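S.K.: Could you have a look at this structure, given as C-alpha cells, before my questions?
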Amino acid sequence: MSVREVCIAGKCNKLITLKNHNIELILLDQGATVFSLKTKDKHGKFENIVLQYHDITEYYHNPSYFGATVGRVAGRIKDTKILLDGKTYYLEKNYQDKHTLHGGFNGITLQKFTFEFIASNKVKFTTTQKSVNDKFPADVTIGVTYELLENSIVIYFDAVATADTILNITNHCYYNLSGDYKTTIVDHQLEVPATQFVNVDEDLIPIDIQDLPQEMDFRQKTYIGDKLKYHNSKYFRNGGIDHCYIVDGIVVLEDSHSGRKLKLSSSYPAMQIYTCNVSSGQALSNGKILKQYDAICFEPQYVGAFDSNYDNHPAKLRKGQQYQHFIKLEI
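Residue numbers (this note's numbering): 9 to 339.
Spelled out as C-alpha cells, the structure:
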C-alpha cells in the first residue's frame, strides 16, 4: 500500500494504491473513486481495465462518473420528486433540467472522503452527506471500503442516517478488458443471469419491469456487438443498453484477445448495465478521445420506485438503521 498527494491549482487529493502480484488498484479520495485498475493479460502484461480521465482535475466534477461512488441514490428520479413518510421532497434538477441523476449536483461523487487503512490490503473512505447540500432527507454518514484479495476486489458500502431517508449507493466503473482501451467492447463477450429488466421511457426514467427482449438477453454468453446491432430497437436509448437488469447470480465479462475475464456479483437485487452509448469526446488517460462503446458499466443497485413513493421500498433507510451492501469483482 502507498499514498501519494497530487496538488493542482491549490487543490490537493490523495491517490491510494493497493497492490499484489495479480492486481494494482489505485483509488482517489475524491468520490472514493476507482482511479485505475490494472490486471494481467494472457502474456502477463499489466494494463488498465477501467476508463480514466487524461486530466485528474476532471474528477473534480466527473461528468461521466468515471470509477466513482454514486448516490445517495443511483439512477434517475423522475421530476426530482420522492415521497417518504407522508412528505414530498424535491431534489436537484441535474438531468435534462427536470430529473435527478445519481444524487444530483452535489451527490457523493463530488465529495472528498477521508480515509484510513484497516489493513495492508484494505482501506475505508468516509464522508457525511448533509441534507442541506443535496436536498435529500436526513444527514447520512457513508463508508466505502475497498479490500484487495488474491484475485478479487470487494467494495463494501455502509451508512447510517440521522432520520428516515433513502439510500441506493453503487460504483460506476467503466470496464474495458482489452487493456488501456485498445479496442471497444463490441468484441467482448457478456453473460448476465437475468430474465427481466426495467423498461424506460425516452428520458431513461424507469416505467415497469418486463421480460427481456431478444436484443437484451445475455443469459447465454454473447458478443456484445451482436446485441448492439439492434441499436434501432424500441427498447434501446441512444443506440445501446442503459437498463437495469433483475440479476440472479454472477455477471461475466470476457475478452478473448487479452485473455481477461471479470466476474461481478453483489448483494443488490439488480444491476444497471450501460454500454457507453453516448460519445462525450472526453480525453482519456491513454491520449484517446472517448467514443461510443468504449466501455461497459455494471452498477449494482435497487430498482427505483416507479411511483416516487419510497415508504415501503427496500431503499428506505430508517433512522439509526445500518445500511450494508457489497460488490465483488473477481479477476
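No residue lacks a Cβ here, since even glycine has one placed at the ideal position from N, Cα and C.
Since the structure is predicted, the reported quantities are computational estimates derived from the model, not experimental observations.
With a Cβ-Cβ cutoff of 8 Å, do A167 and D147 count as a contact?
M.R.: Counting from 1 along the sequence shown, the entry for residue 167 is found at position 159. Counting from 1 along the sequence shown, the entry for residue 147 is found at position 139. Not closer than 8 Å, so no.
S.K.: Where do the N-terminal and C-terminal ends of the beta strand (DSSP E) with L26 fall, by residue?
M.R.: Here residue 26 is taken as the residue at index 18 of the sequence shown, counted from 1. Taken as a continuous stretch (DSSP letters only), the beta strand (DSSP E) holding L26 covers K19 to K27.
S.K.: Under three-state DSSP, which class holds K48?
M.R.: Taking the sequence shown and counting its residues from 1, the one referred to as residue 48 is at position 40. K48 falls in the strand class under three-state DSSP.
S.K.: On the three-state DSSP scale, how would you describe D105?
M.R.: To locate residue 105, count along the sequence shown from 1; it is residue 97. Looking at D105 - three-state DSSP - the assignment turns out to be coil, as it is neither helix nor strand.
S.K.: Under the three-state reduction of DSSP, which class applies to T135: helix, strand or coil?
M.R.: Numbered from 1 along the sequence shown, position 127 holds the residue referred to as residue 135. Residue state, collapsed to three classes: strand.
S.K.: Determine, using beta carbons only, whether H196 and L212 come nearer to each other than 8 Å.
M.R.: Against the sequence shown, residue 196 aligns to sequence position 188. Against the sequence shown, residue 212 aligns to sequence position 204. A distance of 8 Å or more separates the beta carbons of H196 and L212.
S.K.: Taking all protein chains shown into account, decide if Y154 is buried (16 or more other Cβ within 10 angstroms of its Cβ) or exposed.
M.R.: As a first step, residue 154 must be located in the sequence shown, where it is residue number 146. It is buried - the Cβ of Y154 has at least 16 other Cβ atoms within 10 Å.
S.K.: Mind checking whether C84 and I116 have CB atoms under 8 Å apart?
M.R.: The residue you call residue 84 lines up with position 76 of the sequence shown. The residue you call residue 116 lines up with position 108 of the sequence shown. Contrary to the premise, residue 84 reads as Arg rather than Cys in this sequence. Between R84 and I116, the gap from beta carbon to beta carbon reaches 8 Å or more.
S.K.: With distance defined between alpha-carbon atoms, name the residue in Y98, L36 and T173 nearest to P145.
M.R.: By 1-based counting over the sequence shown, the position of residue 145 is 137. It is T173 whose Cα lies nearest to the Cα of P145.
S.K.: Mark D93 as exposed unless 16 or more other C-beta atoms lie within 10 angstroms of its C-beta, in which case mark it buried.
M.R.: As a position in the sequence shown, residue 93 is number 85, starting the count at 1. With fewer than 16 Cβ atoms within 10 Å of its Cβ, D93 is classed as exposed.
S.K.: Just to confirm the assignment: which complete beta strand (DSSP E) runs, minimum length 3, are found wholly within the segment 219–277?
M.R.: 250–255, 259–263 and 268–274
S.K.: What are the start and end residues of the beta strand (DSSP E) that includes C15?
M.R.: Along the sequence shown, one-based indexing puts residue 15 at 7. It spans S10 to I16 - the beta strand (DSSP E) in which C15 sits, taken as one unbroken run.
S.K.: For V14, count neighbouring Cβ atoms within 10 angstroms of its own Cβ and tell me buried if that reaches 16, exposed if not.
M.R.: As a first step, residue 14 must be located in the sequence shown, where it is residue number 6. The residue in question, V14, is exposed, as its Cβ has fewer than 16 Cβ neighbours within 10 Å.
S.K.: Taking Cβ to Cβ, would you say L59 is nearer than 8 Å to A303?
M.R.: What you label residue 59 is simply residue 51 of the sequence shown in a count that begins at 1. What you label residue 303 is simply residue 295 of the sequence shown in a count that begins at 1. In this structure, A303 lies closer than 8 Å to L59 by Cβ.
S.K.: Would you report the Cα separation of I16 and D319, rounded to the nearest angstrom?
M.R.: Position 8 of the sequence shown holds residue 16. Position 311 of the sequence shown holds residue 319. Approximately 44 Å, taken between the alpha carbons.
S.K.: With the cut-off set at 8 Å, would you say E199 and V260 are in Cβ contact?
M.R.: As a first step, residue 199 must be located in the sequence shown, where it is residue number 191. As a first step, residue 260 must be located in the sequence shown, where it is residue number 252. A contact, by the Cβ cut-off of 8 Å.
S.K.: What's the call for A127, buried or exposed, on a 16-neighbour Cβ count within 10 Å?
M.R.: For the purposes of this step, residue 127 is taken as residue 119 along the sequence shown, with counting starting at 1. When all chains shown are included, A127 counts as exposed.
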